[in-house]
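In the numbering used here, the protein residues as written are 70 to 275.
So, in structure tokens, the structure goes:
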């Protein structure tokens, strides 16, 4: 709504096509979020049939492929709005890639008899990196709208300023939380050094 009211010319055919494009992209994002909820449900179950994981993984890859194809189509439908649509497409693709990464790490943990030790680390960095990138894309999108619309201190400018402030606050919180976690993990690793294989063999009671 902000984009149409602030930047676009009132050409109804163009507005309807753009609304359809954004609507389909939002539809794909809803399916991606449903897959994330399904993954959180499956990860809490002691045992789930492998077909349940395979179906969700296949659906995620299909959603990701459709995101790519839908973005390629935007190059032909809206060549003049490609920058804005790229910033609309990237958060959906990144969100889907995050869920795909978590699913693959969980599948590796299920397949290995001893588990997958790097699962938590992969999930954490996949989540923090995609969240920061999505916030960065959102910030760039708002800044682009402000640049295209100009500063006139109207209602649109107030909404954009408030959204930019909210995104910057969330981005700052993400960075600060990651920094504190990094400090704590570094402290734990310095205080509790992993034992070598020779030390484990020497202390083996068997």
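All C-beta atoms, glycine included, are put in the ideal place defined by N, C-alpha and C.
Helix, strand or coil at residue i according to DSSP, with G and I counted as helix
i	result
residue 196	helix
residue 186	coil
residue 223	coil
residue 147	coil
residue 110	helix
residue 88	helix
residue 120	helix
residue 261	coil
residue 181	coil
residue 82	helix
Close-in-space but distant-in-sequence residues of the same chain around residue i (CB under 6 Å, 5 per side omitted)
i	result
residue 207	236
residue 215	229
residue 169	129
Of the residues the options, the one placed nearest residue i, counting alpha carbons only
i	options	result
residue 211	88, 194, 232 and 109	232
residue 239	120, 216 and 200	200
residue 116	215, 180 and 241	180
residue 122	108, 133 and 113	108
residue 106	125, 178 and 95	125
residue 145	112, 90 and 253	90
residue 234	249, 254 and 209	209
residue 119	154, 172, 87 and 155	172
residue 202	260, 256 and 156	156
Contacts around residue i, its chain only, beta-carbon distance under 7 Å, and the 5 residues preceding and following it disregarded
i	result
residue 196	167
residue 135	97
residue 174	185, 188, 191 and 192
beta-carbon residue i near the ligand MN non-hydrogen atom, thresh 7 Å
i	result
residue 156	This structure does not include the ligand MN; it has no bound ligands of any sort.
Residue i at chain C interface by Cβ criterion, 8 Å
i	result
residue 224	Within the model displayed, chain C is absent; a lone protein chain is all it includes.
Close Cβ partners of residue i (< 8 Å) along its chain, the five nearest in sequence each way excluded
i	result
residue 158	94, 136, 139, 140 and 143
residue 213	152, 153 and 156
| So does the stretch 177-193 actually touch the stretch 228-242, counting three or more Cβ pairs closer than 8 Å? | Between the stretch 177-193 and the stretch 228-242 there are fewer than three inter-stretch CB-CB distances shorter than 8 Å, so the stretches are not counted as touching.
| Would you say the stretch 124-144 touches the stretch 160-177, given that touching needs at least three Cβ pairs under 8 Å? | A contact exists between the stretch 124-144 and the stretch 160-177.
| message | Could you check whether the stretch 128-137 touches the stretch 93-109, counting it as contact only if at least three pairs of C-beta atoms, one from each stretch, sit closer than 8 Å? | response | Verdict: yes, contact present.
| Stretch-stretch touch, CB-based, cutoff 8 Å, three pairs: the stretch 144-151 with the stretch 82-95 | These segments touch.
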